[in-house]
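Engineer:
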Amino acid sequence: MGRNSAIKAFDPANKTGIPLDLFSGRDTRRPVIVELLRSPWIVRGSQVASGSSGHGGKRREEEVEVSWDGTRRTPESFRMHGKRYSVDALVQTWALERAWWDPRARLSRRCFRVLARGGLYDLAYDRITDRWLLVGIVD
Amino acid sequence: MHLHVHSRFSFMDGAADLDALIARAVEFGMPALALTDHQGLYGALRFYRKALKAGIRPIIGVEVVLETAGLPGEEGDLPPEERLHLPATVGFGRAAGRGFHLTLLVKDMNGYRNLCGLLSRAHVQSRDEPSVVSLVDLGRHSEGLIGLSGCSNGEAGAAVLAGLGWRAEEALRRISRCFASGDFYVELMHTLTPESPSYVSGLMAIAERLRLPVVATNNVHYVERREFRLHDVLAAAGTHTELPGPYERQNAELWLKPAGEMRRLFADIPQACDATLEITERCNLDLGLGAFHFPGAEVAVGETPYSTLAKAAWQGLERRYRPVTPASVARLQHELSVIQDLGFSEYFLVVKDIVDFARSRGIRYSGRGSAGDSIVTYLLGITDADPIRHDLLFERFLNPKRCQMPDIDVDFDSRRRDEVIAYIYRRFGNEHVAMVATVQKMSARSAVRTVARAFDLPIAEVNALSRHLPWVSAHRLREVLDTYPECASHPLKNTARYGLLTELAGELSGCPMHLGTHLGGFIITREPIATWMPLQWAAKGVVVSQYDKDDIEMLGLAKMDILGLRMHSAISDTVTLARARVGADAVPEPFDLTPDDPAVYELIASADTVGMFQLESSGQRNLAMRLKERTFEDIIAAISLFRPGPLEAEMITPFIRRRHGIEPVTVPHPAMGEILRDSYGVILYQEQVLRVAQAIAGFSLAEADSLRRAMTKGRSREEMEKIHGHFVTRAVGLGVPRAAAEEAFRQLEGFAAYGFCKAHAACFAVVSYASAWLKRYYPAEFAASLLNNEPMGFYTPRLVVNDARRHGIGILPPHVNASRGTYTVEDDGRSIRVGFRDVHEMTHRLLGVIEREQDVRPFRDLADFLRRTRAEANAAESLIRVGALDGLGSTDAGRPSTRDELLALLPEMKAVIAREGVAGDDVLVLAPAKAREPEDPTHVSGWSRARRLSAELEIVGLSLECHPLALARADLERRGVTWARDLPRLGDRTRVRVAGVRERAQTPRTRSGKRTCFLTLEDPTGLLDVVVFENALNRAGETIVKHRAYIIDGVLQNNHERGIAIIADRIEPYVVRTAGGAHVRMRRGVPSGPMGPSLGGAGAPEEESWAAAEAALAGAPTGYDG
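Residue numbers (numbering that gives the first Met the number 0), protein chains in the order written: chain A, 0 to 138; chain B, 0 to 1121.
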């Protein structure tokens, strides 16, 4: 059985139903969440509210401390308000490079949308200032 | 492997340099790389050759615009919200708005020919319609091609991004049907944007439904990430928008990523990356380079191309050689056998066909280049220099040991070149002829303009930044700004404001901008040309190949240069004018003259060469003073000596010293003495290198030519050592003393790379002698013809007019009752009447009307002129101001109206004529206009001399009455100025002060790397050559650029070795004023007349002044200079 085996094993013909043990624990639940978050046909409420930019949700921008996993090339954990958030899964990554010709407006970032402690966080490494930022907490 | 790659040949939509692309692919260990530029194969052959050399497999491809496939109807039938976002125009032009991108890759030769045909059809089928590939054409030409669905500007990609999955599916279904099964892939690009995951998964889902394979690409537009800025700049400039440009890219991820990076992006879809390998395996194009493909020549039944060529050559022998000599017979037999062995007969016949046509129509032409080394071309009438008499060697032209495409270039009368071109199309068929393209690349100026436009700087600022840069490569921009004195106060030196602009402009060095048309290169093929290369319309309105001349040569196709030479037109015009004056029999055909007239050589030797073909430049005039040409061989030597190679090898000085007996002629071996007799022991000609190698080391001429080439091109130390050993061993074997052999080789090594092709010089010398003869015997006709064919030659029309005046020819001003469109000769060859062709604001219409009305009756006055010609106000004003209506009409004072009175009357008269129409009385009486008092009552114009001269310079670009400095003669003499004509009488190293108006300023590269400026000035008595060495240039660079007239202090150089020149140490600007203090404006208003631009009379157009640019920037009116 592959990923999401619990969902795939569901038999609608079975009138008596099956026990609700789709997710035996955190580890079995995470792939489903990630799959759903990555699914192109699922639109999150925050995206609907903020148009199609894809960076909706609560917009925040504050410096955070990130520990980097060089092997997997993803953030391993980050620390915010004194609390450590271990990254459970990398949902998406993208890059931004804007207004390079204007020193006041220039933006050069590598962004990581991660799942941590049950929430979805957008971390960004700012290439210009050489620091990590939390740029969004999305629903 | 990357299968979707744009280079700089995507014209303003790619920043990847081909060499850098290939080097990076090799570094990443990629076995193959594709090149898929927009709409064409512009860079494909260079890429093919370079990639093979680097050891990777080249995959040739293209990204085309395909018509809409996913809709049953038109895009416009859909409601606006369902329409797709159309691709940007950059790289595609108008086609961008008519379809979507599709990537095509060539599998084999069949696919290559199909792709050429498909592109040609899309581009050439209609000049008015954009170049869009139809599905029908794609289906017909898809054999041998692999299709990829394209980037996010492909129809499927754009539909997925727009959430129109149904349309993407339909488009993919229909496009895939155009290809053989398995030859169409859905292209997946993960460009690290927030939308990328949904884009990839959306396309993936459709591909699975349609059972189409997928392939991963990255839409590469630059080699390294840091180059994304160049791409943005190019795309913005290419679409005439400011940054961020048409794509509004979110990031900088379109770089050539290594395999690991691509695998990581497509970790969930490994088959997409695997497919790149699979496609690479299927693409095995072999272009079969190295073979020759000649156009078909017409031969009679029962004849072969060789027999036809041989017969024509033998007939030519009888005609050209009387009596026929054994040497000529032997030479012809040898050349014909080589031509037959190499299979080049057809090529010669094609060239003969074209020149035969020109001859039959009386179109003047002359062959040039190494083709002059062949007796066959001489006998066929292609060239005019006798190869036996001038000791020209066939092996320099065609070396049987190196099977290389022959190249015969022919210059035709530029005015009638179109007739020749029309004949070529008629004779070989439109489908078999195309013009060769050139790739226009960015210089420093254009690079600065490109970046400045992308930065959205105001146009005045863009002009100010770019116009005053020297013509250098963009990568030298920073160095030029830092070191060139004329850039001392250039605005680009403001690094705080323009640092980024300068940096980016430097990186754009040599970037292709667009496809141009070669001046005269034609490709003629036996098969339809579209099976060899893609064709397209050029801006000029002709069909051009997408390949340049090097690409054509690589493909082994026949190329001919049908060049236009204005000197041929001028010579023909001179002969016509002279024959009209003195009778047809009195003027022989100049090309048929025996070149032995002492009077002609006297003219050349006195450096009185303005207008003479190849002999008129300041360097040549200086050389003439030292060389003192006496024979035709001397003309050949002069043309050869003043060339970059001989100049760099500093051959002139030993040549002149030995000629005048200042130093002895020494050669290492007596055999060389005979070979180098004409050049006094200096190895000046490439042909002499062959002869020396033959005489000293016993090389055959073919071997000797190979030796010469080896010595010339990219010679490494090891190679030279090998050649050296071989040469000396063979020479010693023939009994030549080792020391002599060593010295002979040393000299060959030193000069082989710098020698000039004697055949080329000899072909030119025929034209040079003809022009010199015409200048000697028909100076007025010759000068008028030069002026009628401007722009041509080294000098401006102003100088040609001044030169004619110095030869005693009267210059008559333009006049509505005497001038025609062109310059004409009057007073039995003693005067030239200025024509209207260069008059500012003159139109073709008005010119025609004036000529027609002159034939009816003379113009009586301004009203008569305006009524009969309906002259436009601006043109009429120009004519009045330049004096073309002087002396017409009569005022109450019983004298003709002054120019001021005519100008005052003009608006009212125009208004009355406009009201009255053409009907009615042709006498118009208006009250005399109020005008200021005449400045000079003695002159019919009422204007002062300074004002007349300023108007002449401004309106026709000529100083008709006198040289501008002649007005300031008294002032200049008071300042101790020496005139040009007096310089030869002064001794060497005399300190002098001269004054002159700038005619030319050149700063060629010198061996030492130091900058030296060669200024050609003109004063009322002649030309002055001034040398400004680096120290003086650093002080005076800005003065030279900003002003046109100078007073120069320096030391006179006047000796046999160096000729006459002034070594400047102080240059001051000079303001030309008359004795009365009136200022003479030295610059022309606009450098063009109805016949097109004549290179601006008093010199450069207005914007060449820094003051003008600065004034424009500040919105202030332009001031005077000089």
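No residue lacks a Cβ here, since even glycine has one placed at the ideal position from N, Cα and C.
Nothing here was measured: the structure is a model prediction, and the numbers come from that model.
Given 8 Å as the limit, is there contact between the region 568 to 583 of chain B and the region 602 to 609 of chain B, that is, 3 or more CB pairs closer than that?
Structural biologist: no
Engineer: What residues in the region 239 to 252 of chain B bring their beta carbon closer than 7 Å to a beta carbon of chain A?
Structural biologist: If the cut-off is 7 Å between Cβ atoms, the region 239 to 252 of chain B has LEU242, GLN249, ASN250, ALA251, GLU252 near chain A.
Engineer: When you compare the CB of A/ARG29 with every CB in chain B, is at least one pair closer than 9 Å?
Structural biologist: no
Engineer: Taking C-beta pairs closer than 9 Å, name the residues in chain B that A/ALA94 reaches, listed in chain order.
Structural biologist: THR190, LEU191, THR192, GLN249, ASN250, ALA251, GLU252
Engineer: Is the distance from the Cβ of B/GLU345 to the Cβ of B/PRO294 below 9 Å?
Structural biologist: Yes, they are a contact pair.
Engineer: Give me, in chain order, the residues of the same chain whose beta-carbon lies closer than 7 Å to that of B/ARG707; leave out the 5 immediate sequence neighbours on both sides.
Structural biologist: GLN685, VAL688, LEU689, ALA751
Engineer: Could you spell out the range, first to last residue, of the beta strand (DSSP E) harbouring A/GLN91?
Structural biologist: Looking at the DSSP string, the run of the beta strand (DSSP E) that includes A/GLN91 is 82 to 97.
Engineer: Quickly, what does DSSP pair B/ARG797 with across the bridge? List them, please.
Structural biologist: Within the DSSP secondary-structure output, B/ARG797 pairs in no beta bridge.
Engineer: Can you give the beta carbon distance from B/PHE347 to B/VAL323, rounded, assuming they're within the 8 Å contact cut?
Structural biologist: 20 Å between Cβ atoms; not a contact.
Engineer: Can you have a look at B/SER958 and say buried or exposed, based on whether 16 or more other CB atoms are within 10 angstroms of its CB?
Structural biologist: buried
Engineer: Starting from A/TRP67, follow its DSSP beta bridges and name the residues at the other end.
Structural biologist: A/PRO74
Engineer: Could you tell me whether the Cβ atoms of B/GLU649 and B/HIS292 are closer together than 9 Å?
Structural biologist: no
Engineer: Pick helix, strand or coil for A/ASP101, following the three-state DSSP scheme.
Structural biologist: coil
Engineer: What residue range is occupied by the uninterrupted beta strand (DSSP E) comprising B/GLU998?
Structural biologist: 990 to 1001
Engineer: Are the CB atoms of B/ALA760 and B/SER639 nearer to each other than 9 Å?
Structural biologist: yes
Engineer: Which same chain residues, not among the five before or five after B/TYR546, have their C-beta less than 7 Å away from its C-beta?
Structural biologist: LEU44, ALA436, MET532
Engineer: Please look up how many angstroms separate the CB atoms of A/GLY88 and A/ARG109, rounded, as I've assumed it's under 8 Å.
Structural biologist: Reading off the sequence shown, one finds Ala at residue 88 of chain A, where the question assumed Gly. 18 Å between Cβ atoms; not a contact.
Engineer: Do we get a CB-CB distance below 9 Å when we pair A/ALA123 with the residues of chain B?
Structural biologist: no
Engineer: B/ARG228 touches chain A at which residues, Cβ-Cβ below 8 Å?
Structural biologist: TRP99, TRP100
Engineer: Could you tell me the distance, in whole angstroms, from the CA atom of B/ARG367 to the CA atom of B/ASN429?
Structural biologist: Between B/ARG367 and B/ASN429, the C-alpha separation is close to 27 Å.
Engineer: Cα-Cα, which of B/VAL939, B/VAL996, B/GLY888, B/GLY618 is closest to B/ASN801?
Structural biologist: B/VAL996
Engineer: The alpha helix (DSSP H) that contains B/ASP355, what's its start and end?
Structural biologist: 344 to 359
Engineer: At which residue ranges does the region 380 to 459 of chain B contain complete alpha helix (DSSP H) runs of 4 or more residues, listed in the order of the chain?
Structural biologist: 393 to 396, 416 to 427, 443 to 453
Engineer: Under a Cβ-count criterion, where at least 16 other Cβ atoms within 10 Å of its own Cβ denotes burial, should B/ASN217 be classed as buried or exposed?
Structural biologist: buried
Engineer: Between B/GLY919 and B/ARG898, what straight-line distance do the alpha-carbon atoms span, to the nearest angstrom?
Structural biologist: Below a pLDDT of 50, predicted positions are generally treated as unreliable, and B/GLY919, at 45, falls in that range; the measurement from the model is reported next regardless. Each residue's alpha carbon lies about 27 Å from the other.
Engineer: Anyone know if the C-beta pair for B/ARG395 and B/ASP704 falls short of 9 Å?
Structural biologist: yes
Engineer: Which whole-angstrom value is the C-beta distance of B/THR977 and B/ARG988, which I expect to be below 8 Å?
Structural biologist: The Cβ separation is near 14 Å, so there is no contact.
Engineer: I'd like to know if A/ARG37 contacts chain B, where contact means its C-beta is closer than 9 Å to some C-beta of that chain.
Structural biologist: The beta-carbon of A/ARG37 is placed less than 9 Å from the nearest beta-carbon of chain B.
Engineer: Answer with yes or no whether the minimum CB distance from B/ASP231 to chain A is below 9 Å.
Structural biologist: yes
Engineer: What whole-angstrom Cβ distance do B/GLU876 and B/LEU905 have, given they're in contact under 8 Å?
Structural biologist: Contact flag correct, Cβ pair sits at about 6 Å.
Engineer: Tell me whether B/LEU576, by its Cβ, gets closer than 8 Å to a heavy atom of the ligand COA.
Structural biologist: In the structure on display, the ligand COA does not appear, and there are no ligands present to speak of.
Engineer: Are any of the Cβ atoms in chain B nearer than 9 Å to that of A/ARG72?
Structural biologist: yes
Engineer: Does the beta-carbon of B/ALA158 have 16 or more other beta-carbons within 10 angstroms, so that it is buried, or is it exposed?
Structural biologist: In summary, B/ALA158 is buried, with 16 or more beta-carbon neighbours lying within 10 Å of its beta-carbon over all protein chains present.
Engineer: So what does B/ILE1047 bridge to, in DSSP terms?
Structural biologist: B/VAL993, B/ILE1066
Engineer: Using the beta-carbon of each residue, which ones in chain A are nearer than 8 Å to B/SER195?
Structural biologist: TRP93
Engineer: Could you give the DSSP three-state label for B/LEU83: helix, strand or coil?
Structural biologist: coil
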